[in-house]
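Enquirer: In this note's numbering, the protein residues as written are 1 to 134.
C-beta atoms are modelled at their ideal positions from N, C-alpha and C, and glycine is treated no differently.
Before we start, here is the structure in question, set down as structure tokens.
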Amino acid sequence: MPYLLERVLRGAVVAHARAERRRLHPMVLHVGLPGGRVRSFELSPVDRLDHALRTEIIEAMAREHLARDTVPLVWLTRPPTAPDDEDLDWAAAAGSAGGELGVRLDAVVITRRSWRDPRSGVGRSWTRIRAATS
Numbered sequence: 001m002p003y004l005l006e007r008v009l010r011g012a013v014v015a016h017a018r019a020e021r022r023r024l025h026p027m028v029l030h031v032g033l034p035g036g037r038v039r040s041f042e043l044s045p046v047d048r049l050d051h052a053l054r055t056e057i058i059e060a061m062a063r064e065h066l067a068r069d070t071v072p073l074v075w076l077t078r079p080p081t082a083p084d085d086e087d088l089d090w091a092a093a094a095g096s097a098g099g100e101l102g103v104r105l106d107a108v109v110i111t112r113r114s115w116r117d118p119r120s121g122v123g124r125s126w127t128r129i130r131a132a133t134s
């Protein structure tokens, strides 16, 4: 994992921990650059989205960034108790959307104390996360 990407993901964990204080909160799909322009889509637990619809959602959210010659990151913010199957479903959709758009779209899962790539299992977690001091 490149060092710069690890720093960006750590920043996304810090931002999520600061922004989401509820113990139970909805899963949210984000596409963009953490700390920059981001498009978000709140996922309802009652909605059952198939692979094609997930792919279309990610494609639509990524097009704005690609029009600016920026390849966005795809990430889910969720409570730590959310099902892992959802993570894999969205990661697969990100891969399909990237293939259709002609770019590689990486997908990660972010909780208030961790980030993880659901495809490879690579990730990092903290007991207490704090913003880095400069």
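Going by other Cβ atoms of all chains shown within 10 Å of its Cβ, with 16 needed for buried, is leucine 4 buried or exposed?
Expert: Under this definition leucine 4 is an exposed residue.
Enquirer: What span of residues does the beta strand (DSSP E) with aspartate 114 cover, start to end?
Expert: A quick correction: the sequence has serine, not aspartate, at residue 114. 114 to 116 is the extent of the beta strand (DSSP E) around serine 114.
Enquirer: Evaluate histidine 65 with the Cβ neighbour count: other Cβ atoms within 10 Å of its Cβ, from every protein chain shown; 16 or more gives buried, anything less gives exposed.
Expert: Buried, by the Cβ-count rule.
Enquirer: Can you tell me whether histidine 30 is helix, strand or coil according to DSSP?
Expert: Strand.
Enquirer: Going by DSSP, which residues form a beta bridge with glutamate 42?
Expert: Glutamate 42 pairs with Val28.
Enquirer: Please classify histidine 51: is it buried, with 16 or more other beta-carbons within 10 angstroms of its beta-carbon, or exposed?
Expert: When all chains shown are included, histidine 51 counts as exposed.
Enquirer: Are the stretch 66 to 79 and the stretch 106 to 125 in contact at 8 Å, needing three or more beta carbon pairs?
Expert: These segments touch.
Enquirer: Quick check on aspartate 69: buried or exposed, where buried means 16 or more other Cβ atoms within 10 Å of its Cβ?
Expert: Answer is exposed; the Cβ neighbour count stays below 16.
Enquirer: Quick one: what's got a C-beta closer than 6 Å to valine 13's C-beta in the same chain, skipping five residues either side?
Expert: Here the set comprises Ile110, Trp115 and Ile129.
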